[in-house]
Every structure is written in C-alpha cells, then in structure tokens.
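Trainee: Can you read through this structure? Questions will come right after.
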Amino acid sequence: MEFTVRSYRFNPEVDKQPYYKDYILNGFPSMTVLNALMKIKSETDGSLTFRRSCRSAICGSCAMKINGISKLACKTQVNSEITKFGIIKVEPLGNLPVVRDLVVEQESFFGKINEIKPYLLGIRENSPDEKFHVLKDGEKITQPVFHKSEFKALTGNNDTPNCILCECCFSECGTEVVNKKYLGPAALAKLYRYIEDPRDNDRDGSRLVNASKPNGIWDCVHCQACEQFCPKSISPVKSIVKLHEKAIKNSITFSKGAKHIIGIANSINKTGRLNEVKVAIDTVGLLGLMNDLPVVFRASLKGKIPSLKLKLIKDMDDIRLAFKELDREEE
Amino acid sequence: MLKHDVVIVGAGLAGLRACVELRKNGIDAIIVSKVYPTRSHSGAAQGGVNAAFDKDDSWESHFFDTVKGSDYLGDQDAIEILTSEAPANILDLQKMGVIFNRNDEGGIAQRPFGGQSFPRSCYYADAVGHMMLHGLFDNVLKYKTKILYEYFVTGLSVNNGRVTGVVTYDIKTGKFEGIAAKAVLFATGGYGQVYSSNTNALINTGDGMAVALRAGVPLMDMEFVQFHPTTLKSTGILVTEGARGEGAYLLNSLGVRFMSKYAPKAMELASRDIVARAEQTEINEGRGVDGAILLDVRHLGKERIMERLPQILQLSIDFEGVNPIYEPIPIRPGAHYSMGGIKTDNDGKTLVEGFYSAGESACVSVHGANRLGGNSLLDTVVFGRRAGISIAKYIKDIDYGDFDGSLVKRDEEIFERLRNSKGNERHGLLKTELQEDMRKNVGVFRERSLMENAIKKIEELKERSKNIALDDKSKLFNTDIIEAFEFNNILLIAEVIARGAVLRKESRGAHYRNDFPERDDENWLKHTLARLNGKGKVEFNFTPVKITKFKPQPRTY
Ligand SMILES: Cc1cc2nc3c(=O)[nH]c(=O)nc-3n(C[C@H](O)[C@H](O)[C@H](O)COP(=O)(O)OP(=O)(O)OC[C@H]3O[C@@H](n4cnc5c(N)ncnc54)[C@H](O)[C@@H]3O)c2cc1C
Ligand code: FES
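Read top to bottom, the protein sequences are chains A and B.
Heads up, the first sequence is in our numbering, so the first residue is 550 and it goes up one at a time.
Heads up, the second sequence is in our numbering, so the first residue is 4 and it goes up one at a time.
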C-alpha cells in the first residue's frame, strides 16, 4: 500500500518559517505511524526530527498531532488513518512551543507536574519500625497492611496512576489555550493520585489549598477534551471534579470556583431556581461585581439581566428533601 | 565546566534508586539522561518484581531458584544479598509511594513467574515498571534534584586510574560539555537494539557499556543474551511472563501444549532460556504457525484478562491486530535482556576507582547465564540503593581529580567529522543489517561457523561505518547524529557478544551451542571479562565464580 506522510517541518536554525513536506512510502499491514516516521528517517530523510523510545505506548515520548488529533504515533495504525483521512499528516503537539519539527519544549509541562508536589507528604523518615531490614537465615519480614479497598480510588484499568505524561491532554486542553499558567489536566490528575493515596499525610491540606488558587482546579472548564484524547483511557477531568468535591467537603472555599458552586447550591436549595445575580454576588462579592459594571451595563441594554426576585417553584419540598438526602449520604 | 560530587548517568530504576539514596542524605548528585527520566525503558516492565513475603515462602528458596536459574554462573554472595534484601527493598518502595496490587489479607499480592518455586512476583496489574519508575522519579523530584535531560554521554574521563567525570552532548543545543565529578555512576541500561526482533526501547543501545569499554573498563559475561519466549510476532513487543504466570498456554500448530516435552513439571513456567529454545525447536521442526508459536489466554476468561492483563490485551490489539479474549496471540522469542555488563562488586564499584554501575548496564553478577523474570527490577533497586550508599561513603573524604579536557575535544571532533562526512552509507540501514545478522547468527541457537559469519559481517560494517554521512547538519536537536553515535555503540557491543560467544565452548543458560550442547563445569564455570586493547581489539580473560552454598547440579524443570 502506497501512502503519503505530510510532516510539519521547522528548524529555526535555518528555516524562516514552518512548512510541510510530503514523503511517499510503502506500508506493511500492521505499520504504525511511528514505523512510518522511522522508515523515512532511516531510508530517505535523516533530518526529520521527532522523539521516540519504547514504541509500545508506555513511555509517552512520541505524542504528536496526527491528522489534527493529539495521539501516540507508536500506537496509531497507518491503515486506519489512511482509511479515514487518506493521508498521514503529522504536526507538533499544541499548547507547547516548537523546538524543531515534531519536537516541542516540555519544560513548562514538567514544571507544572513538579508544582503539585507529586509525592507522599508527611512521611516520617527512618522511624525505628520502618528501618530497612535485611533478613537473616530463617527470618521473615512483616509487612504493613493496606486493604484493597483503601486503594480503590486509584487502582483499576483506567486510573490516574497509569498516566504516562505524554502531554496529549495538555495539547488538547481548552483552558491551556487561553491561560498558559493553568496547571493542566495531567498535573491535576497526578494531584488527585497523591491526595487519594491512603499513605499520604498532608495534614493541613496544603496541596488542595494551593490547587484551589487561581490556575488550579477551578480553572477547568469541563470541556472533556483530556478524557477524549487520552491514549491510556484515563479521565483527568473526572479526577478534577473529585478534587472539587474534596475541596468543598474540606471547607476550602476561598476560591471563586468553590464559591460559585456553593452559591448555585444555596440558590437551588432556597428557591429551586438559579438566582444568577445572587450567585454572581456570592462568587465575586458586591465589590467584585463593581469591577464588572461595564459588562453588566451592556448586558442590561440587551435585556440580558435576569430578574432579581424569583418565585419558589412548585415542588420545592422535593428539592429540600433531595438536599437533605445528599447531606445524609455524605455523612 | 560543570562540577558535581556525583554524576548519575541514566534515569531508569537503577539510576533513580541510587539518586534517592544520595539526595536523601543531602549529597550533591545530579542526573544526566538522554531522555526525560519517565521515558526510560524501565517503564516498559510489565510483569513483576520478586521478593519472598509469604509465610510459606522463604528468601532462601528465592536464593536457590536464582542460583539454579543462572545455571550456576551467578555469584552466590551477590545473589544472597539480592534475595535477602528483596523484601525490605519492596517495602521501601511502597513507603515511597509505589502501589502494588493487594491480596485478601491486605499484604502485597504475588503471582507465579518462570523458574520460581513459589508465587513471589509483586505486581501492579501488568505495568509494574511504569508504577515503580514514576514512583521513584517523584521522589527524585521531592529531593529537588538537578536533572540534565536530553543530554547524551559520549565519554568517561579517566585520570591516573581514577574516573573524574563525563563528557556530555546537549541534544538541544549541540554543545559538548565536560562535567567533573568525584564519582560517576552508569545506570545506562541494556543493548536490546543489537538484535532485530527485540523487546527493548529504541534507546537501548548499550551506550554506557560501550563508553566504559572504550575508557578501559572491562565488561563481564557479554555472551549471555536473554531471548524472551513471548514477544509479538510482528513487532517484538513483549507479552509479559505474567501472562503465563496467570495460566496462559503455549501451543504449536497442532494445538499441543508442547512444553510437556521440554519441561514436564514446570511446563510454560520453566526458565526463559528453556522455553525460548523449546519454541524455536518447534518452529524449526515445522510445528510453528507462520514462523510463530501461539500464546493462548482465552481460558482465563474476559474478566481476569481485563483485570490482570489489561496492557497485554491492548498491546495485542494495537500491535498485532489480535484480541486475546477470542484468539491466541502469535509470538516468538525476541532479544530481551543483557545478563552481561560492566563488572561491579556487590556495592556497584567497578574495577576503576570512582566509577560505579548498577542495573542492566552492570554485571554483579546475580543473573549469571540466565536471568529469572522479576529479578531484574529487583536488581535495579537492590544494587541501585547499595551503589548510592557506597558512593556516599567514597566521596566523603576525597577531592575532585583532574578532568581530562582533551576528551571533550576528541568527541567534538568525532561529531564534527560525522556532520561533515561526504560518505555514502546510511547508519539506519547499516543498523538493520547488523540486527538481522546478529539474530540469525548469534541468536537462540549458536554454532561456530554461524558466529564467525557474524564477526565477518561486523568487521565489514566497521569499515563501511567510516563512510556514514548524515542528512542533518544542524546543531539544534539533531537526532540523526545521536543515532549514528548509537550505531557505533551497538556495533562495538555486538562484536563483544559475538567474540565472547565463539570463545565459550559449552552450553549454559541462554548461551546454547549446537556444537557444544552440554554444560562444562570443569572448563567453563567462570566469568568472561572483555577489554579493548590499545589497538581497539577485544581481548578476553577469565575470573572465577563465587560459590558459597549451592554446588552446581544438573538443571531440570
Ligand atoms: C518490555 C520489558 C519488560 C520487562 N519486564 C520486566 C519484569 O516484569 N520484571 C523484571 O524484573 N524485569 C523486567 N524487564 C527488565 C527490566 O525492565 C530492565 O532490566 C530494567 O528496567 C533496567 O533498568 P535500568 O535502570 O538498568 O535501565 P533503563 O531503565 O533502561 O534506563 C537507562 C537510562 O540510561 C540512560 N542512558 C542510556 N544511555 C545514555 C547516554 N549515552 N547518555 C545519557 N543517558 C543515557 C537512558 O536515558 C535511561 O534513563 C523488562 C524489560 C523489558 C524490555
Ligand atoms: S514511543 Fe513510547 S509511547 Fe510511543
């Protein structure tokens, strides 16, 4: 089977601007996009530049855009791309600066992972019962007991510890496009992985407090792209939603995001309706609203200001009952 | 020039484990790695890591199994350390955040592995290497470690018999730089890319071993190459031994579980060398299926496959187009692991002062002629940790030695010559020729005439490699030049393997010779040491095996 690979090319050392280059090659039945790129590199054009290591979808090196979607080249079959698109178009990941061709600068991505303190906190070092113990003849070791259920949130097919840091989610993240400081889905999923670990001992909840500041968990807009494009079928957005719940349960509610959610819940609990003005005040405060006066003014001209007074809805009792049930469940 | 007390080259499990040990104690240790640490090959380990935890198991039994598995070529004092420190090391990892699957009592769950007389492989589904690598790396971050990633090490500075630093090439900028150090640790992994059809990452090109050899450091037992019995037929991607640990069958074209002929007791879970040879024999005698054997997990049922072998399920679908819930997986033996490596003592110390090695790049030797599955990850953490401890002691009262600055110039010139070469050879194609030749001639079954063909081929490729030209002349992220350098490394390693294999006139563990089919303890119960002489020729001598508890016996499963 003959097909075309169209690659984004840019070497800032010599090129004034990026361009695309076509390579025509012959495939074999189970050929992956990485196989194709390697074939080009070894047989025709050694200057085509990309990262790769494991070729088995576990190291996260070879993420790139393939026909517009962030994917692992080593896990993507040439055949299925050709069937759908008729071509293999490869480009560097989004949301990260290009170094050269398909290689992106990863410093900001890894920096963000580092920022969430990706390790167990509050571990006692070298307390006597935990000393490293070499066995003597006939001796056995006793191990600490952790039941399966304690790791339930973390172990399973599609869970956050399986993340390979390939950056596909980061590349597709909608928030990252508009806010380069946003921690991003992978870092926040990793945060969840450590917060949910039964051995973690972050007594003052510092991680969750930090992540509740701007550019953290409340900046996610729930676009679900991270889940949709994860090559390991992990859902960072689900982890982020769970972090929201945890923050509110632990009364870490100083952030606008948390206040917004609490405001919505209060409004519905009281009236059965969304009192948008009230929610806005709850979220940013009266003073905050003043900053938005120009917007409010323009909105009112277009008749977009909701009425301040809301009638109770008919089934208000049911709503209150539902809230009570939810509270009970949590306890 | 940079200057750090300890330079750790390699950020797989061995390098990271040593690093944690050093950084925990506040030592100025940095990591240099040609890829970002989590891209290291350790992450691909699937099946498990061994330690005797169960009340009915014992580390002594693990000790014996490993000695037997090594076909008595492993050093028993080292294997005693490996197995008696195993449980503590696993608990240590657990304390650092690594997650292992649990059993019903709340302990670490364990699965059977080949050559082990008890189920003692600790696992995390079928991605234990990934879990351990990320867990350890997170701890390296915790101790705020300087990491030079995408830095390629090309040379080792040796001055007055002492290692004084490394030469690095910054892939991003194309600049060479020396790093002076009081101690250097090579944890640079294996050389699977010497062979076609291998399970290894593309970056496993034996760089550390080659650089050490060129600097005058000897390599040990390089003729012992492990061929894994179950790698996907078309790509060589690994199907973990854990699959057979969970109960998978090996079938030939007649649908027969042929292992009953070769290892009636252990069946599919015999030692790797034995299973790989059994498969190759079936294929050679015409009972293969298109040059492959079938691995059947269907009887385990969908649920168990999804729970315990999810990665295998996905890899078979993605890379072989086979869904193992409904069809058997076509597999064949593929090059997998380097038993040999840079010779070290039980604390990671090599024969040159200030120079250490751990993990797959090292040869302690705990694996002897054949490594048991699940013992290599163990090796990386046990000896990575020990190397860290001994380096910490060593650098305490010692000053920096003189860095040999001429090396930076030497490597700069090699790269410059490559960049400007007008030759007509492509390193990518030469590599394929070498890999194919090594598979055919220095593979699962070996004999003198074939191996001599391989050596001829290697000599030819050495000549032709002088005419390698590059397409990429750029300094910025030039991977063409890196691959060319890597090719020179695997070429050198291939030569050491082939020459060592010709030399060893017996069959032991993974080294099987049709022309010498028996193990010969009288003449060959010894380690091979390879060095480069002044003229760049490989020379060999021998060193005895340490036998403490277990006298060599015939090995059957
Ligand atoms: C597919 C697969 C599955 C496996 N499964 C198991 C298992 O279930 N159980 C088990 O016990 N073992 C298993 N093994 C073996 C085990 O994974 C490896 O032996 C082990 O992980 C090696 O670790 P390491 O730290 O020595 O090296 P690696 O993880 O290979 O790391 C090498 C490091 O060195 C660096 N490096 C190399 N050359 C240079 C250079 N020139 N300059 C700078 N840096 C350099 C690399 O960047 C990398 O960081 C498996 C192996 C494979 C291939
Ligand atoms: S090469 Fe490792 S994920 Fe593709």
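Ideal Cβ placement from N, Cα and C applies to all residues, glycine included.
Could you list the residues in the region 188-213 of chain B with a C-beta less than 8 Å from some C-beta on chain A, going in chain order?
Mentor: Within the region 188-213 of chain B, the residues whose Cβ lies closer than 8 Å to some Cβ of chain A are 204, 205 and 206, listed in chain order.
Trainee: In the DSSP output, what is residue 732(A) paired with across the bridge?
Mentor: DSSP lists no partner for residue 732(A).
Trainee: Would you check if the region 56-73 of chain B and the region 365-378 of chain B touch, i.e. whether three or more CB-CB distances between them fall below 8 Å?
Mentor: Yes, the region 365-378 of chain B touches the region 56-73 of chain B.
Trainee: Since residue 229(B) contacts residue 342(B) with CB under 8 Å, what's their CB separation in whole angstroms?
Mentor: Contact holds; Cβ gap of about 6 Å.
Trainee: Rounding to the nearest angstrom, what Cα-Cα distance links residue 295(B) and residue 604(A) in this structure?
Mentor: Rounded to whole angstroms, residue 295(B) to residue 604(A) spans 21 Å at the Cα level.
Trainee: Quick test of your reading: residue 812(A) and residue 827(A), contact by CB under 8 Å. State the CB separation rounded to the nearest angstrom.
Mentor: Between residue 827(A) and residue 812(A) the Cβ distance is about 7 Å, and since that is below 8 Å, they are a contact.
Trainee: So, helix, strand or coil for residue 556(A), using DSSP?
Mentor: The answer is strand: DSSP assigns residue 556(A) an E or B state.
Trainee: Taking only beta-carbon positions, decide if residue 721(A) is within less than 8 Å of chain B.
Mentor: False, the Cβ-Cβ gap to chain B never drops below 8 Å.
Trainee: Between residue 793(A) and chain B, is there a C-beta pair that is closer than 8 Å?
Mentor: Not an interface residue.
Trainee: With H, G and I counted as helix, E and B as strand and the rest as coil, what does DSSP make of residue 445(B)?
Mentor: Residue 445(B): coil per DSSP, three-state reduction.
Trainee: Measuring only the C-alpha atoms, how far is residue 546(B) from residue 385(B)?
Mentor: When rounded, the distance between both Cα atoms is 24 Å.
Trainee: Could you name the residues of chain B that residue 671(A) contacts, counting a contact when the two beta carbons are closer than 9 Å?
Mentor: The premise fails here: residue 671(A) is roughly 12 Å from chain B at the closest Cβ pair, so nothing lies under 9 Å.
Trainee: For residue 817(A), which residues of its own chain have a beta-carbon under 7 Å away from its beta-carbon, when the five flanking residues on both sides are left out?
Mentor: Answer for residue 817(A): 823 and 868, listed in chain order.
Trainee: Do residue 94(B) and residue 692(A) have their beta-carbon atoms positioned less than 8 Å apart in this structure?
Mentor: Yes, the pair counts as a contact, with Cβ atoms nearer than the cut-off.
Trainee: Less than 8 Å between CB atoms is the rule here; does residue 606(A) satisfy it with respect to chain B?
Mentor: Yes, contact with chain B.
Trainee: Less than 7 Å between the CB of residue 1(B) and some heavy atom of ligand 1, yes or no?
Mentor: Examination of residue 1(B) is not possible in this model, given that chain B is present from 4 through 560 alone.
Trainee: Any idea what DSSP makes of residue 526(B), helix, strand or coil?
Mentor: In the structure shown, residue 526(B) sits in a helix (DSSP, three-state: H, G or I).
Trainee: May I ask whether a heavy atom of ligand 2 can be found less than 7 Å away from the beta carbon of residue 200(B)?
Mentor: Not so, every heavy atom of ligand 2 lies at least 7 Å from the Cβ.
Trainee: State the DSSP-derived secondary structure class of residue 690(A), mapped to helix, strand or coil.
Mentor: Of the three classes helix, strand and coil, the one that applies to residue 690(A) here is coil, per DSSP.
Trainee: So, with DSSP's three-state summary, where would you put residue 621(A)?
Mentor: Of the three classes helix, strand and coil, the one that applies to residue 621(A) here is strand, per DSSP.
Trainee: Assuming residue 457(B) and residue 501(B) form a contact by the criterion Cβ under 8 Å, report the distance between their Cβ atoms to the nearest whole angstrom.
Mentor: Going by Cβ atoms, the distance from residue 457(B) to residue 501(B) rounds to 5 Å, so yes, they are a contact pair.
Trainee: Need the endpoints of the beta strand (DSSP E) that residue 158(B) sits in, please.
Mentor: Unbroken beta strand (DSSP E) run through residue 158(B): 154-162.
Trainee: From the DSSP output, which residues share a beta bridge with residue 638(A)?
Mentor: Residue 638(A) pairs with 555(A).
Trainee: Provide the residue(s) that pair with residue 299(B) in DSSP beta bridges, ordered along the chain.
Mentor: 252(B), per the DSSP bridge assignment.
Trainee: For residue 134(B), which residues in chain A fall below 8 Å Cβ to Cβ?
Mentor: By Cβ distance, chain A contributes 710.
Trainee: Got a sec: is the Cβ-Cβ distance from residue 3(B) to anything in chain A below 8 Å?
Mentor: Residue numbering for chain B in the displayed model covers 4 to 560; residue 3(B) lies beyond these limits and cannot be assessed.
Trainee: Within 10 Å of its beta-carbon, does residue 680(A) have 16 or more other beta-carbons around it, so buried, or fewer, so exposed?
Mentor: It counts as exposed.
Trainee: Among 766(A), 771(A), 716(A) and 729(A), whose alpha-carbon lies nearest the alpha-carbon of residue 737(A)?
Mentor: Nearest of 766(A), 771(A), 716(A) and 729(A) to residue 737(A), Cα basis: 766(A).
Trainee: Any contact of the region 316-335 of chain B with the region 350-360 of chain B, i.e. 3+ C-beta pairs under 8 Å?
Mentor: Segments in contact, no.
Trainee: At a cut-off of 7 Å, is residue 606(A) close to ligand 2 when judged by its beta-carbon and the heavy atoms of the ligand?
Mentor: At least one heavy atom of ligand 2 is nearer than 7 Å to the Cβ of residue 606(A), so yes.
Trainee: For a quick check, are the C-beta atoms of residue 531(B) and residue 79(B) less than 8 Å apart?
Mentor: It is not a contact, given that the beta carbons lie outside the stated cut-off.
Trainee: Within the continuous beta strand (DSSP E) that includes residue 167(B), where are the two ends?
Mentor: Start and end: 165-173.
Trainee: So, does the CB of residue 39(B) fall closer than 8 Å to a CB anywhere in chain A?
Mentor: Chain A, which has a Cβ nearer than 8 Å to the Cβ of residue 39(B), makes this yes.
Trainee: So, residue 1(B) versus residue 203(B), is the Cβ gap smaller than 8 Å?
Mentor: No information on residue 1(B) is available, as it lies outside the stretch 4 to 560 that chain B covers here.
Trainee: For chain B, find out if any of its Cβ atoms is closer than 8 Å to the Cβ of residue 697(A); answer yes or no.
Mentor: Chain B, which has a Cβ nearer than 8 Å to the Cβ of residue 697(A), makes this yes.
Trainee: For residue 561(A) and chain B, any beta-carbon pair shorter than 8 Å?
Mentor: Yes, its Cβ sits closer than 8 Å to a Cβ of chain B.
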